[in-house]
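J.: Dropping the structure in here first, questions after.
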Amino acid sequence: MGSATGTLQPVQADGELPQLFRDLGDILECPQTGEPLRLEGGALRAGSGRRYGATDGIPNLFVPTAASAGHVDVTEMVKAFYEETPFPNYDDLDSRDSLAQKARRSIFPAMLNAQISRGAIVLEAGCGTGQLTNFLGMAPYRKVIGGDICLNSLRLAKAFRDRYSIRNNAFLQMNLFRPPFRDASFDIVVSNGVLHHTGDPAGGFAALARKLKVGGIIVVGLYNSYARLPTRWRRTLFARFGESLYFLDSRLRDSANAERRRAWFMDQYRHPHESSHSMDEVLGWFAENDIAFLSGIPHLDETAFAPDEALFAEKSPGSRFARLSTQLGMLLRGGADGGLFIMIGRKAKAA
39 MGSATGTLQP
49 VQADGELPQL
59 FRDLGDILEC
69 PQTGEPLRLE
79 GGALRAGSGR
89 RYGATDGIPN
99 LFVPTAASAG
109 HVDVTEMVKA
119 FYEETPFPNY
129 DDLDSRDSLA
139 QKARRSIFPA
149 MLNAQISRGA
159 IVLEAGCGTG
169 QLTNFLGMAP
179 YRKVIGGDIC
189 LNSLRLAKAF
199 RDRYSIRNNA
209 FLQMNLFRPP
219 FRDASFDIVV
229 SNGVLHHTGD
239 PAGGFAALAR
249 KLKVGGIIVV
259 GLYNSYARLP
269 TRWRRTLFAR
279 FGESLYFLDS
289 RLRDSANAER
299 RRAWFMDQYR
309 HPHESSHSMD
319 EVLGWFAEND
329 IAFLSGIPHL
339 DETAFAPDEA
349 LFAEKSPGSR
359 FARLSTQLGM
369 LLRGGADGGL
379 FIMIGRKAKA
389 A
């Protein structure tokens, strides 16, 4: 757990934290007071004396979310789930090349990696086991921070980073509702498949949007209200009839790796909390936080998505009818990839 009180946490004997925390020291801030943080060997310290230590070289900057009216804080429940079942796992990844090959097989990570500008500072909020953060961190011309609530997931992420000498990234434990960074710090913020596991997705989006520079890019992936329905139906069937119906999910049916199948099953069908969202709802989040819509996967206006297109070029959000038609199309295709959709926007002005 991170420091909820600002007291010094145990520091491992592995000594200094990654150099990246020193390089980006001007953007780190105390998640409780907003004071600047400075690196002191294996800990981070605020001017008031609050100190945040590290476990296995991972700074503990998690502080609880303040209670808010109308929202249930599910942070500890979700954290406990992922401590037990980190997702995704690293079973079939044994080198930098194998991670890169996996990322390139998925169109979105490969496109994101190719199109992030040189020198960008990137935050992956809710990085899980850090596979995207590690992949993006292989590039020599950017700096990438992966933050998550789950220490076990972060241990897997950092172990891979250290084993294969990935030097342009670092990991920390944090609460995405209270990110330990000053506002307007990042060129890119990515939160893919995370906000729908919180008690206040719109509030989490707003917290992350504040950390974007003007002109910075936010990338958010969420379960879709329509396309998530097949997964929910299967969840009910699996609970009643068990493994005999696992053939209904291609990931469970076709994967030869037992650990990978289990990780997918737990994340999709046993997760303790999730919500789903429409494209129109997320466009509302964008408007409330001065984020200009750029593009989506799939396209919101029903046009075809090309694997070589520019992710950060402005495209049409389509009409309300077109967006409904796009989402119904996702449903009719069986809710592939758990019914996840991605929307991308640009910070238009300072908060």
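Each residue of the sequence shown is one higher than the last, beginning at 39 in our numbering. Ideal Cβ positions, reconstructed from N, Cα and C, are used throughout, including at glycine.
Throw me the rounded Cβ distance for the Gly377 and Tyr261 pair, which I believe falls under 8 Å.
T.: About 5 Å separates the two Cβ atoms, so the contact holds.
J.: First and last residue of the alpha helix (DSSP H) that includes Met212?
T.: Neither: Met212 is in no alpha helix (DSSP H) and is coded neither H nor E.
J.: So, is Asn127 buried or exposed, given that buried needs 16 or more other C-beta atoms within 10 angstroms?
T.: Buried is the call here.
J.: My parser needs the beta strand (DSSP E) runs of 3 or more residues fully inside the segment 78-111; what are they?
T.: The qualifying runs are 81-84.
J.: Could you say if the segment 353-365 and the segment 289-304 meet the contact criterion of at least three C-beta pairs nearer than 8 Å?
T.: At 8 Å Cβ cutoff, the stretches do not touch.
J.: Determine the direct distance from the alpha carbon of Glu54 to that of Leu321, and round the result to whole angstroms.
T.: Rounded to the nearest angstrom, the two C-alpha atoms are 42 Å apart.
J.: Identify, in the order they occur along the chain, each residue of the same chain with its Cβ nearer than 7 Å to the Cβ of Phe215, setting aside the five sequence neighbours on each side.
T.: Hits under 7 Å: Thr103, Gly241, Gly242 and Ala245.
J.: By Cβ distance, which residues of its chain are closer than 7 Å to Gln306, with the 5 residues on each side in sequence left out?
T.: Around Gln306: Thr269 and Gly376.
J.: Alpha carbon to alpha carbon, how far is Arg278 from Arg248? Give it in angstroms, no decimals.
T.: Cα to Cα, Arg248 sits roughly 44 Å from Arg278.
J.: Within the continuous beta strand (DSSP E) that includes Met381, where are the two ends?
T.: Met381 -> beta strand (DSSP E) spans Leu378 to Lys385.
J.: From the DSSP output, in three-state form, read off Phe125 for me.
T.: Phe125 falls in the coil class under three-state DSSP.
J.: Scan the segment 262-337 and note each continuous alpha helix (DSSP H) run of 4 residues or more that stays entirely inside, going in chain order.
T.: Listed in chain order, the complete alpha helix (DSSP H) runs (minimum 4 residues) inside the segment 262-337 are 267-279, 288-292, 296-307 and 317-326.
J.: DSSP three-state label for Pro178, please.
T.: Three-state result, Pro178: coil.
J.: Report yes or no: do three or more beta-carbon pairs, one from the segment 141-159 and one from the segment 167-181, lie closer than 8 Å?
T.: The answer is yes - the segment 167-181 touches the segment 141-159, with three or more Cβ pairs under 8 Å.
J.: Does Glu67 come out as helix, strand or coil in the three-state DSSP assignment?
T.: Here Glu67 sits in strand by DSSP.
J.: From Phe461 to Thr341, what distance separates their C-alpha atoms?
T.: What the structure shows of the chain is the stretch from 39 to 389, and residue 461 is not part of that stretch, so it cannot be assessed.
J.: Rounded C-beta distance between Pro218 and Pro74? I'm assuming under 8 Å.
T.: Pro218 to Pro74, Cβ: 11 Å. No contact.
J.: Could you give the DSSP three-state label for Pro48: helix, strand or coil?
T.: Here the model assigns Pro48 a pLDDT of 34, short of 50, so the residue's position is not dependable and the matter cannot be decided.
J.: Check whether the segment 164-173 and the segment 192-200 are in contact - that is, three or more C-beta pairs closer than 8 Å.
T.: The segment 164-173 is in contact with the segment 192-200.
J.: Check Phe27 in the structure and name its three-state DSSP category.
T.: The question about residue 27 has no answer here: the residues shown for the chain are numbered 39 through 389.
J.: Starting from Ala197, trace the alpha helix (DSSP H) in both directions and tell me its first and last residue.
T.: That run of the alpha helix (DSSP H) goes Leu189 to Arg201.
J.: Per DSSP, Phe219 is paired with what?
T.: DSSP, once it has assigned bridges, lists Leu66 as partnering Phe219.
J.: For Gln57, count neighbouring C-beta atoms within 10 Å of its own C-beta (all shown protein chains included) and say buried if the count is 16 or more, exposed if not.
T.: Exposed.
J.: On a Cα-Cα basis, can you pick out the residue from Phe285, Leu250 and Met368 that is closest to Gly383?
T.: For the residues Phe285, Leu250 and Met368, the minimum Cα distance to Gly383 belongs to Leu250.
J.: Within the same chain, show all residues whose beta-carbon is closer than 7 Å to that of Ser86, passing over the 5 residues directly before and after it, in chain order.
T.: Here the set comprises Thr71 and Glu73.
J.: Looking at C-alpha atoms only, which residue of Glu347, Gly334 and Leu189 is the closest neighbour of Thr390?
T.: Here the chain comprises residues numbered 39 to 389, so residue 390 is not present and cannot be evaluated.
J.: Measure from the alpha carbon of Ser314 to the alpha carbon of each residue in Asp130, Ile159, Met149 and Asp238, then state which is nearest.
T.: When each option's Cα is compared against that of Ser314, the closest is Asp238.
J.: If I'm right that Leu99 touches Met212 with Cβ under 8 Å, what's the distance once you round it to whole angstroms?
T.: With a Cβ gap of about 5 Å, Leu99 and Met212 count as contacting.
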